[in-house]
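Protein chains in written order, with this note's numbering: chain A, 132 to 445; chain B, 7 to 389; chain C, 1452 to 1738. Idealized CB from N, CA, C, for every residue including glycine. This report refers to the structure that appears directly beneath it.
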Amino acid sequence: MKHPVRRLKRGGVSYVKWGYIFIIPFFAAYLFFTLVPQLMTIYNSLFENYRDGLNQVGPNFVGLKNYKTLFSPDNSGSIGFLKYFGNTMILWILGAVPQILVALLLAVFFTSYRLRIKAQPFFKTVIYLPNLIMASAFSMLFFTLFSNVGPINQLIVQMGWADVKIDFFASTITVRGLIALMNFLMWFGNTTILLMAGIMGIDQSLFESATIDGAGPLQVFFKVTLPLLMPILIYVVITALIGGLQMFDVPQILTNGIGMPDRTSTTMVMYLNNYLSTSKNFGMAGAVSVVLFLVSAGLSVFVYGTLTKRSRED
Amino acid sequence: MAKAALLRSHRMAYVTLKNVKKIYPGKVVAVQDFNLEIRDKEFVVLVGPSGCGKSTTLRMIAGLEDITEGDLFIGEERMNDVAPKDRDIAMVFQNYALYPHMTVYENMAFALKLRRAPKAEIDKKVREAAEILDITSYLDRKPKALSGGQRQRVAIGRAIVREPQVFLMDEPLSNLDAKLRNQMRAEIIKLRHRIDTTFVYVTHDQTEAMTLGDRIVIMKDGFIQQIGTPQEVFNHPANVFVAGFIGSPQMNLFDAQLRKDDEKYFVEVAGASFALSERIAAKLRRDSEGEVIVGIRPEHIRICAQEGDDTMSAAVEVSEMMGSEIHLHLRAQDKEIVLRVNTTELPEAYRAGIPYGTQLHFTFPGDLLHLFDKESQKNLIGE
Amino acid sequence: MIQRKNAAGRIHLLVARVVVYTILIFLSALCLFSFYLLIVNASRSNAQLQAGFSLLPQGNFFTNLKNAWNDASINIPRGVLNSFLVAGLTAVLTTYFSALTAYGIHAYTFRGKKAVFTCIMAVMMIPPQVSAVGFVQLMTKLGMTNSFLPLILPGIAAPVVFFYMKQYLESVLPMEIVEAARCDGSSEFSTFNRIVLPIMKPALAVQLIFSFVASWNNYFIPALLLDKAEMKTVPIMIAQLRSADYSKFDMGKVYMFILLAILPVLIVYIFLSRSIIKGVTAGSVKG
């Protein structure tokens, strides 16, 4: 009874097909939601296709005209693409340089066996917190805090630090500074944690032997920690750069999409968004996307290189 | 419990492999020309150095690897294309492969649950198996909370509850320390008597093979070297490889000359000449003189008081005191020779070990020699 | 001599510690200050807010909460509900299918496997914005604007989460366990669901949280697809708040909106910060 007549299933013992079955959903979703749209984007970039008031213009095939427009001076005399690419880079550098330096410093502090920092979980929790906060809400918060009637200006006047209110949103320096500050706050905790893991991945005995060999803390940092941390540091910098190219939520909400003053805080993706949502200029939006894609793809090759090099070394 | 095992319906579980071949992608040949008939309730051990194809063979029987060429039968059924779950086999893995998120009980019950066995039956079988293996008190623990030996028992228990036709074990003891390994080896022998089914066991350890197997299959580079009972492979190794692989310390092997003189055969090694016994000479597969390889087990070399035509001399290089016996490593010119001597057979002064450099004379008894062809490496003495 | 060196070393260490803790406390304060002001201001009435700066909370928290919750133009309860729906489903899909894909590549050998892996790695860093033009067009053509599906379904293909799962599988799942399950009679699909997924629980938890947070905070794509009031998610409402003439607004209510937008993530973080922080490292580069 325990063994009823068996029906032997000749299913085979090859499991190859299951590998394909399990990855199908991923590739189907990728194909439909990313690859096809990507190709459509490239296709679009070759067409004139926008709304002019109530009239729809195009789509008409125009070859590379959209790219040409992208790289030629507009009526204010500046080359649109270069201006917004420049803005994006300036905003990114202002935030990323302090972000990486501070993160490097904190990572060394946290991993130092001499300093033995207490309450590490608390500090890490606090500095990582802004990373999870909704960027648009964080940005809205900064807008209300730093607006003309906001508490920061109230504080400045009440404490007598300045005679008149500072209009943070009137000057390029303060707007860019605020965006950089927010980016810094949102990302330095994350970077610290990544670099810490990198330092802890270095064989501890190397630090010990360097110390015994007579190296001071600074020498240990520059001669041992930094060179060995390089691959991770490069990974962190490039992923941060790719993230920086996508900068959108913070400046968009802070400046209400206009990149004030005088579009000096308009980023590439804000520029793309303006074509997409305001003027419905799919041709130009496509051209901006393709250029953005090429830049990110180039950078991704670097990341892929560092990642695969690491896994080969493992 | 033995009764329970007897009561269950049993089909004849012989396993037959016919001309089985395994080629991995990239044209790596893992197993070639594998022919073996495993009888019902037999305990067969596949043994060989790493990379010899023994595990691959076991995994083909299990259905975890597909068979490139040849046929596999379990009972009357050709099993080549049958999924593991339908082969009625159970397997114990080297690293135990316990499901880490399940308790010991759940681990053992998993296969039965998948078969939709009634709860009461599952419970009965799991508890029976747990009792046999003495793990009843750990049933609620997770594998993480168990020692290596306990995990091993759970892995075996998981296989037992299935009451498989064929029980496959892939190096089940090699993750245990030496003491536990000996203990578990004895447990497996006991277990085998209790559950009385067909076993195929893979190991690289010749001691395990000798002590556990009804028959041993010795493999090298994907080819079977010899199939036989422990006694057969020990007393009559098919070739030089088997001679060296089975037995510890391993058999001494030397290049030698076979000479015939007055119907008597002699083996000449490094100036000494040993006469073959009549029993061996009668079974000799060739009668020409010439180059051979001669083999003698360390325990068969006899120390002599005096030098003679049939003795060799060598100096002691290493003397390993094992307790009841001493292993001596001697060096004569370019040859290393290992001797195994019972301490009780040694003079009082030598029982703690023999000093470095001591010259010993010894002889090879003519009835205990092994002769191999220099070219083919095959045993020259018929069975 | 040695004693003097010892003492000097101790003083040196003490100074170093004071400096380090000062830096840490300053940075922590910088991180918390804006959120502290947010909570304080969310508890003040519009009049109190106009009157001047305060570091102490006042008693209007629940009034503001009630006003914000019942606001006519910004339907925040609806937004929270929508965001929960989108983020929750996205998180589940992303986590499940990333694990499934990672397992498919980890556990099976098939032709083109390496190419597949390389492919996923290559597209990992491509930002979603660069295909937005085609995405919006395609969804518009299919009549899927003002639907949550185009926000949820793309989650099935999440290269970064896939990469995390793949690395996790490599470290926790010996193939023998899968083979043992095969011998035990488990089908490939049930092995994944009943053996592999439970083993991956820690990774699943971390990625559920991360993908929930990412989706909750997502603004760019939803803003392009959702324009019906009852479909809007929280970030879109925040943007709406920004573009409204804020001077006419009850500022207490505005702060309360912002607080409500970040509160769910804040609560999750307070309870799970430890495992979240652990997940940050495991995700990107193996240390």
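Quickly, what does DSSP pair residue i with across the bridge? List them, please.
i: K270/B; result: D267/B
i: L174/B; result: M97/B and V206/B
i: A320/B; result: L366/B
i: T22/B; result: E43/B and F79/B
i: Y30/B; result: V34/B
i: Q187/A; result: R182/A
i: Q1681/C; result: Correcting the residue type first, residue 1681/C is Glu in the shown sequence and not Gln. Answer is none; E1681/C lacks a bridge partner.
i: I210/A; result: P204/A
i: H199/B; result: Paired residues: none, contrary to the question.
i: I387/B; result: L290/B
Beta carbon of residue i, beta carbon of residue j: below 8 Å?
i: G1703/C; j: A1502/C; result: no
i: T165/A; j: A1566/C; result: no
i: V34/B; j: G59/B; result: no
i: P236/B; j: M216/B; result: yes
i: A135/B; j: G154/B; result: no
i: F99/B; j: A1631/C; result: yes
i: M403/B; j: V248/B; result: There is simply no residue 403/B to check, as chain B begins at 7 and stops at 389 in what is shown.
i: M378/A; j: I1713/C; result: no
i: I222/B; j: V51/B; result: yes
i: F241/A; j: L385/A; result: no
i: I369/A; j: G329/A; result: no
i: I95/B; j: A115/B; result: no
i: Q6/B; j: F173/B; result: Because chain B is modelled from 7 through 389, residue 6/B falls outside the range shown and cannot be assessed.
i: G296/B; j: L264/B; result: yes
i: P371/B; j: C1634/C; result: no
i: G1606/C; j: T1514/C; result: no
i: E214/B; j: L179/B; result: yes
Straight-line CA distance for residue i to residue j?
i: M1572/C; j: T322/A; result: 21 Å
i: V1470/C; j: D1522/C; result: 48 Å
i: A1458/C; j: E339/A; result: 21 Å
i: L13/B; j: T204/B; result: Below a pLDDT of 50, predicted positions are generally treated as unreliable, and L13/B, at 38, falls in that range; the measurement from the model is reported next regardless. In a straight line, the C-alpha of L13/B is about 16 Å away from that of T204/B.
i: R1461/C; j: T256/A; result: 29 Å
i: D92/B; j: L1620/C; result: 28 Å
i: Y1559/C; j: G150/A; result: 5 Å
i: G81/B; j: M66/B; result: 16 Å
i: A11/B; j: I387/B; result: Model confidence at A11/B stands at a pLDDT of 42, short of 50, so the residue's coordinates are unreliable and nothing is read from them.
i: E75/B; j: I230/B; result: 16 Å
i: M1682/C; j: N314/A; result: 29 Å
i: F319/A; j: T1732/C; result: 14 Å
i: Y356/B; j: V347/B; result: 11 Å
i: P1528/C; j: W1520/C; result: 6 Å
i: S209/A; j: T395/A; result: 12 Å
i: I224/B; j: S254/B; result: 16 Å
i: S283/B; j: G359/B; result: 32 Å
i: L42/B; j: V206/B; result: 12 Å
i: A8/B; j: D202/B; result: Only weak support exists for where A8/B lies, its pLDDT of 41 falling under 50; the coordinates are left without a value.
i: V188/A; j: A1680/C; result: 29 Å
i: V1623/C; j: M18/B; result: 39 Å
i: G347/A; j: Y244/A; result: 14 Å
i: L309/A; j: I1709/C; result: 18 Å
i: V132/B; j: I138/B; result: 10 Å
i: Q312/B; j: F40/B; result: 50 Å
Runs of alpha helix (DSSP H) wholly within the stretch 90-171 of chain B (minimum 4 residues, chain order)
110-120, 125-139 and 154-166
Chain B contacts made by the stretch 1609-1632 of chain C, where a contact means CB separation under 7 Å
P1625, E1627, I1628, E1630 and A1631
Any chance you could list the alpha helix (DSSP H) runs of at least 4 consecutive residues sitting entirely within the stretch 228-305 of chain A, in chain order?
251-263, 266-277 and 282-290
Could I get the ranges of all uninterrupted beta strand (DSSP E) runs contained in the stretch 227-309 of chain B, with 3 residues as the minimum, in chain order?
229-234, 258-267, 270-275, 278-281 and 296-302
Taking a Cβ distance cut-off of 7 Å, strictly less, list which residues of the stretch 106-123 of chain B are near chain C, in chain order.
Within the stretch 106-123 of chain B, the residues whose Cβ lies closer than 7 Å to some Cβ of chain C are P106, H107, F116, A117, L120 and R121, listed in chain order.
Short-range partners of chain C found in the stretch 235-264 of chain A, where Cβ spacing is below 7 Å
F240, R245, L246, I248, P252, F254, K255, T256, V257, I258, Y259, L260, P261, L263 and I264
Whole runs of the beta strand (DSSP E) within the stretch 1556-1634 of chain C, excluding any shorter than 3 residues:
none
Please name the residues in the stretch 1665-1691 of chain C whose beta-carbon is closer than 8 Å to at least one beta-carbon of chain B, in chain order.
none
Counting only Cβ-Cβ distances shorter than 9 Å, please list the residues of the stretch 163-176 of chain A near chain C, keeping chain order.
Against chain C - using a Cβ distance shorter than 9 Å - the residues of the stretch 163-176 of chain A are F163, F164, T165, L166, V167, P168, Q169, L170, M171, T172, I173, Y174, N175 and S176.
Please list, in chain order, the residues of the stretch 86-104 of chain B that have any C-beta partner in chain C closer than 7 Å.
P90, K91, I95, A96, M97, F99, N101 and A103
Using Cβ-Cβ distances below 8 Å, what residues of the stretch 70-82 of chain B are close to chain C?
Of all residues in the stretch 70-82 of chain B, the ones placed with a Cβ closer than 8 Å to any Cβ belonging to chain C are L70, in chain order.
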